[in-house]
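Here is the structure we will look at, set down as structure tokens.
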Amino acid sequence: AQSVAQPEDQVNVAEGNPLTVKCTYSVSGNPYLFWYVQYPNRGLQFLLKYITGDNLVKGSYGFEAEFNKSQTSFHLKKPSALVSDSALYFCAVRAAVSNSGYALNFGKGTSLLVTP
Amino acid sequence: DSGVTQTPKHLITATGQRVTLRCSPRSGDLSVYWYQQSLDQGLQFLIQYYNGEERAKGNILERFSAQQFPDLHSELNLSSLELGDSALYFCASSAYLGGNTGELFFGEGSRLTVL
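The listed protein sequences correspond, in order, to chains A and B.
Each position in the first sequence, counted from 1, maps to that position plus 29 in this note's numbering.
Each position in the second sequence, counted from 1, maps to that position plus 140 in this note's numbering.
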């Protein structure tokens, strides 16, 4: 089964410091990987995706993610964290769930807290 | 704003009751997904519809059902409700069935509380 794992429940970082939110994947074949962010009492917002090509993917709000095939990882990064980045972050992988249907399988989420 | 609209935003009901959650996808999107988010289970895929037809089922209970109407809006019906059904229910939409590689666009969810 296509799945992702987020090994950290919470990540704390000081404003202005770089941040990394970790994700590893377990996929047969080529992975389609995604990052989403969820602010309190809101829906999930798409940040970025990796399908193929350059291993460094740039997304919304200054976020980027690095695809590493040898380590089966897709870590989310930002060079300089903002307090407003504090939110719940989800890694996801596209999975076939029927002969003609696909869905995104999400990790458990990582809570990011950026302190002033 | 993702363009996906869900109603109601909040719903409180009692065990044994039945509720209907409604979703309007983004304009032009043919595919609708339902997800359940709870503290213990995380985000669980329930079901997918494409242009009115069911295309994929995930961890959806038999007490739950869904449909997508000709105008592409979708409804998720939850019956014989139990305390454990309390969760945030998300609808998401995309333009394609799944052969694309695009992202899903999520609504803001319907928070169901079963007392």
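Beta carbons: idealized from backbone N, C-alpha and C, even for Gly.
Test: residue i CB closer than 7 Å to a CB of chain D
i: B:ALA196; result: Of the chains in the structure shown, none is chain D; the protein chains are A and B.
8 Å CB neighbourhood of residue i in its chain, flanking five on each side removed
i: B:PRO210; result: GLY192
i: B:LEU151; result: VAL159, LEU161, SER250, ARG251, LEU252 and THR253
i: A:LEU173; result: Nothing can be reported for residue 173 of chain A: it is not among the residues displayed for chain A, which extend from 30 to 145.
i: B:GLU145; result: Correcting the residue type first, residue 145 of chain B is Thr in the shown sequence and not Glu. For B:THR145, where only same-chain residues beyond five positions count, the Cβ hits under 8 Å are CYS163, SER164 and GLY247.
Proximal residues to residue i (C-beta, below 7 Å), its chain only, five neighbours per side dropped
i: A:PRO145; result: GLU44 and VAL112
Reduced DSSP secondary structure (H/G/I, E/B, other) of residue i
i: A:VAL112; result: helix
i: B:LEU223; result: helix
i: A:GLY91; result: helix
i: B:ARG203; result: coil
i: B:HIS213; result: coil
i: B:SER142; result: coil
i: A:GLN74; result: strand
Buried versus exposed call for residue i [16 or more other C-beta atoms within 10 Å across all chains shown]
i: A:LYS98; result: exposed
i: B:ALA206; result: buried
i: A:SER89; result: exposed
i: B:ALA154; result: exposed
i: B:ASP141; result: exposed
i: B:PRO165; result: buried
i: B:LYS149; result: exposed
Nonlocal neighbours in the same chain, by C-beta distance under 6 Å from residue i, ignoring five residues either side
i: A:LYS106; result: THR49 and GLU93
i: A:LEU117; result: GLN67, GLY138 and SER140
i: B:ALA235; result: ASP169
Partners in chain A for residue i, counting only beta-carbon separations shorter than 7 Å
i: B:GLU222; result: Neighbours of B:GLU222 on chain A: none; closest Cβ ~23 Å, over 7 Å.
Cross-chain neighbours of residue i in chain A, by beta carbon under 8 Å
i: B:SER164; result: Those do not exist, as B:SER164 stays about 13 Å from chain A at its closest Cβ, beyond 8 Å.
Chain B residues whose Cβ lies nearer than 9 Å to that of residue i
i: A:LYS87; result: Result: empty, since nearest Cβ-Cβ is about 15 Å, beyond 9 Å.
- Where the segment 97-120 of chain A meets chain B: residues whose CB sits under 9 Å from a CB there: Listed by position, the residues of the segment 97-120 of chain A near chain B (Cβ gap below 9 Å) are PHE119.
- Output, in sequence order along the chain, the residues in the segment 186-218 of chain B whose CB is closer than 8 Å to any CB in chain A. So the close ones are GLN188, TYR190, ARG195, ALA196, LYS197 and GLY198.
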